[in-house]
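Peer 1: To start, I am sharing the structure in question, which I have written as structure tokens.
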């Protein structure tokens, strides 16, 4: 049997209704989709605004913190500069007992070898960077400045002051010690020929030359010691023509040590050096122009930095 066949598909009524309901819901979803999308967009905008506001709030808090720290830093800068200015002016020197010497000024920058000016320049550059409105520092950087850098500056300033006063006192002690030695030599027939600080700089060693009528010469070298700013090392450079020069030098060193002790200076046992002293030390004028280096050829008499001349 030929011809087309008819196919009949039966759909249950309940299934048909479910299909129609699903189609209706799909139409509703499609109709609500623009609103849903707009709602999502609106929520995203609100979330973005809230996030931006949180960022702005943090930024405002940071700016307020920086502002407070900046104000504090300005106050600290003013205080540090005030103290630096006070110390930069000539202060009154003190003696070994801490008593003020009203007629003896103390130039802190000079006696600290320029450390005060160096610190002032560092403080200025540090605060200039901190207050640069074109490139403001972070809160952490400002906090570090206030809590760490400024206290460190103050500590360095205190150290500079501790160095300057004793350095000036040590210079005066060197001249005093040389004076005692020269006077002792004069009592033994010598006469003062010349005296100077090395390089004409009060921070260097003090040199004095005495001469004897027999042609002998002695150069007194009182140098700063590495032990401390008021510590000294006395070297007596003898240029004697006598054949018994070694014995003369030894006796002279013992006599000088005794003279220093009589003036309140604690001296060690004189230590002779090998060989002859450098003849260049006989030229005091040359020493005045340029401070010489250390010389080992001498009979040494140590001066205790804790003691003082009377």
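Residue numbers (my numbering): 12 to 321. Glycine is no exception: its CB is placed at the ideal position from the N, C-alpha and C atoms. Note that this is a predicted model, so its numbers are computed, not measured.
1. Taking the alpha carbon of residue 160 as the reference point, which residue from 294, 130 and 295 has its own alpha carbon closest?
2. List the endpoints of the continuous alpha helix (DSSP H) containing residue 152.
3. Kindly provide the ranges of any alpha helix (DSSP H) runs that are 4 or more residues long and lie completely inside the region 213 to 274, ordered along the chain.
4. By Cβ distance below 8 Å, which residues in the same chain neighbour residue 220 in space, the five residues on each side in sequence not counted?
5. Hey, does residue 168 have any beta-carbon neighbour from chain D nearer than 8 Å?
6. Do the region 182 to 193 and the region 212 to 226 meet, that is, are 3 or more Cβ pairs less than 8 Å apart?
7. Per DSSP, residue 202 is paired with what?
8. Between residue 66 and residue 135, what straight-line distance do the alpha-carbon atoms span, to the nearest angstrom?
9. May I ask which residues mark the beginning and end of the alpha helix (DSSP H) holding residue 297?
10. For residue 186, I'd like the list of residues in its chain whose CB is within less than 7 Å of its CB, leaving aside the five on either flank, ordered along the chain.
11. Short check: CB of residue 236 to CB of residue 214, under 8 Å?
12. In terms of residues, what are the limits of the alpha helix (DSSP H) holding residue 121?
13. From residue 210 to residue 264, what does the alpha carbon distance come to, in whole angstroms?
14. Return the CA-CA distance between residue 302 and residue 124, expressed in angstroms with no decimal places.
15. Using three-state DSSP, classify residue 162 as helix, strand or coil.
16. Which first and last residues belong to the alpha helix (DSSP H) in which residue 146 is found?
17. Where does residue 177 sit, in a helix, a strand or coil, going by DSSP?
18. Rounded to whole angstroms, what's the CA-CA distance from residue 262 to residue 188? Just pull it up for me.
19. Give the C-beta separation of residue 153 and residue 141 to the nearest angstrom, bearing in mind that I take them to be a contact with Cβ-Cβ under 8 Å.
20. Among residues of its own chain, excluding the 5 on either side of residue 200, which ones have a beta-carbon nearer than 8 Å to its beta-carbon?
21. Compute the Euclidean distance between the alpha carbons of residue 177 and residue 276, then round it to the nearest angstrom.
22. So is residue 406 buried or exposed if we call it buried at 16+ other beta carbons inside 10 Å?
23. For residue 257, count neighbouring Cβ atoms within 10 angstroms of its own Cβ and tell me buried if that reaches 16, exposed if not.
24. Compute the Euclidean distance between the alpha carbons of residue 162 and residue 234, then round it to the nearest angstrom.
25. Do you know offhand how far residue 259's Cα is from residue 250's?
Peer 2: According to the structure data:
1. Mapped onto the chain shown, residue 160 falls at position 149. Looking at the Cα atoms, 130 is the closest of the given residues.
2. Against the chain shown, residue 152 aligns to sequence position 141. According to the DSSP assignment, residue 152 belongs to the alpha helix (DSSP H) that extends over 150 to 155.
3. You should have 256 to 273.
4. Counting from one through the chain shown, the residue named residue 220 turns up at place 209. So the qualifying residues of the chain are 203, 204, 205, 206, 228, 229, 230, 231, 293 and 295.
5. Here chain D cannot be found, since the structure has a single protein chain.
6. Contact check between the region 182 to 193 and the region 212 to 226: three or more CB pairs, one atom from each, fall below 8 Å, which counts as touching.
7. Here the question's residue 202 lines up with position 191 in the chain shown. Bridge partners of residue 202: 222.
8. As a first step, residue 66 must be located in the chain shown, where it is residue number 55. As a first step, residue 135 must be located in the chain shown, where it is residue number 124. Low confidence applies to residue 66: its pLDDT is 48, below 50, so where it sits in the model is not reliable enough to give any reading.
9. Locating residue 297 in the chain shown gives position 286, where the first residue counts as 1. Where residue 297 is concerned, the enclosing alpha helix (DSSP H) stretches over 295 to 300.
10. Here residue 186 corresponds to residue number 175 of the chain shown, with the count starting at 1. If we look at residue 186 and ignore the five residues flanking it on each side, its Cβ neighbours are 217.
11. To locate residue 236, count along the chain shown from 1; it is residue 225. To locate residue 214, count along the chain shown from 1; it is residue 203. Taking a C-beta distance under 8 Å as the contact criterion, residue 236 and residue 214 do not qualify as a contact pair.
12. Residue 121 sits at position 110 when you count from the first residue of the chain shown. Here the alpha helix (DSSP H) through residue 121 covers 119 to 122.
13. On the chain shown, residue 210 is found 199 positions in, with the first residue counted as 1. On the chain shown, residue 264 is found 253 positions in, with the first residue counted as 1. So the alpha carbons of these two residues sit roughly 26 Å apart.
14. As a working note, residue 302 is residue 291 in the chain shown. As a working note, residue 124 is residue 113 in the chain shown. So the alpha carbons of these two residues sit roughly 16 Å apart.
15. On the chain shown, position 151 is the one that residue 162 refers to. Assigned with DSSP and collapsed to three states, residue 162 falls in helix.
16. What you label residue 146 is simply residue 135 of the chain shown in a count that begins at 1. Careful: residue 146 lies outside any alpha helix (DSSP H) and carries neither H nor E.
17. Mapped onto the chain shown, residue 177 falls at position 166. Looking at residue 177 - three-state DSSP - the assignment turns out to be helix.
18. For the purposes of this step, residue 262 is taken as the residue at position 251 of the chain shown. For the purposes of this step, residue 188 is taken as the residue at position 177 of the chain shown. Each residue's alpha carbon lies about 18 Å from the other.
19. One-based indexing of the chain shown puts residue 153 at position 142. One-based indexing of the chain shown puts residue 141 at position 130. About 7 Å separates the two Cβ atoms, so the contact holds.
20. Locating residue 200 in the chain shown gives position 189, counting from the first residue. If we look at residue 200 and ignore the five residues flanking it on each side, its Cβ neighbours are 223 and 224.
21. To locate residue 177, count along the chain shown from 1; it is residue 166. To locate residue 276, count along the chain shown from 1; it is residue 265. For residue 177 and residue 276, the distance between alpha carbons rounds to 17 Å.
22. Nothing can be reported for residue 406, as the shown portion of the chain is limited to 12 through 321.
23. Along the chain shown, one-based indexing puts residue 257 at 246. Per the 10 Å Cβ criterion, exposed.
24. Along the chain shown, one-based indexing puts residue 162 at 151. Along the chain shown, one-based indexing puts residue 234 at 223. Rounded to whole angstroms, residue 162 to residue 234 spans 35 Å at the Cα level.
25. The residue labelled residue 259 in the question sits at position 248 within the chain shown. The residue labelled residue 250 in the question sits at position 239 within the chain shown. Cα to Cα, residue 259 sits roughly 11 Å from residue 250.
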